[in-house]
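Data first, discussion second: the structure below is written as structure tokens.
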Amino acid sequence: MMNLNGKKAVIIGGGKIALRKAKGLAGTGVKIVVVSPGIREELFKLHDVVWKQKEFEATDIKGAHLIFAATDNKAMNKYVCQCAAANQWVNDTSESERSDFITPAVVRRDKFILAISTSGASPELAKELKAELETRYNGNLGYTVDMYAKRRNKK
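Counting the sequence shown from 1 gives a position; the numbering used here is that position plus 360.
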């Protein structure tokens with residue numbers, strides 16, 4: 361888990377994968393910038409997202425802590441990775457071997473956070489497992505975590 365509050369994340373691309381990455385970042389306090397000539401309507405509706413309606417340029421990732429190369433063009437994703445500085449973390453959604461990090465599927469229930477990863481091998485499987493676990497672990501888990509925290513602090 362990372363504290364992204366006040367940090368900047370740039371997502372290159374505006375499609376289905378970009379939407380999934382933005383939803384995963386939403387609510388973390390990170391400033392999300394999406395660079396793409398067009399985006400899905402759901403992306404536009406996320407409050408945490410600033411959209412730059414344009415083609416990618418290397419200057420678009422200046423100052424970003426996290427970068428997601430999430431286009432449907434593998435050559436463009438590779439170019440995004442090549443433009444990143446050594447201190448920037450890049451996730452190439454088309455080629456996990458080129459990524460500095462991968463993002464797990466996450467189930468959040470207040471303070472209870474469950475991350476599911478296939479180490480980039482099968483994002484679809486991780487997504488299916490997430491859906492299954494979301495139904496299994498309902499909204500009461502946040503309350504349960506709070507109760508355990510209180511008991512822990514009394515010791």
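C-beta atoms are modelled at their ideal positions from N, C-alpha and C, and glycine is treated no differently.
Computed from a predicted structure; not experimentally measured.
- In this structure Val440 is not in contact with Ala424, their Cβ atoms being roughly 11 Å apart against a cut-off of 8 Å.
- Shown here for Gly398: same chain residues with a beta carbon closer than 8 Å to its own, the five before and five after excluded, namely Gly374 and Gln413 in chain order.
- If you draw a straight line from the Cα of Ala378 to the Cα of Val410, it comes to about 13 Å.
- For Leu403, the uninterrupted alpha helix (DSSP H) run begins and ends at Glu401 to Lys405, by DSSP.
- As DSSP reads the structure, Asp470 sits in no beta bridge.
- Within a 10 Å sphere around the beta-carbon of Ile427 sit 16 or more other beta-carbons, which makes this residue buried.
- Between Ala444 and Asp408, the CB-CB gap reaches or exceeds 8 Å.
- In this chain, Leu364 is not harboured by any beta strand (DSSP E), its DSSP state being neither H nor E.
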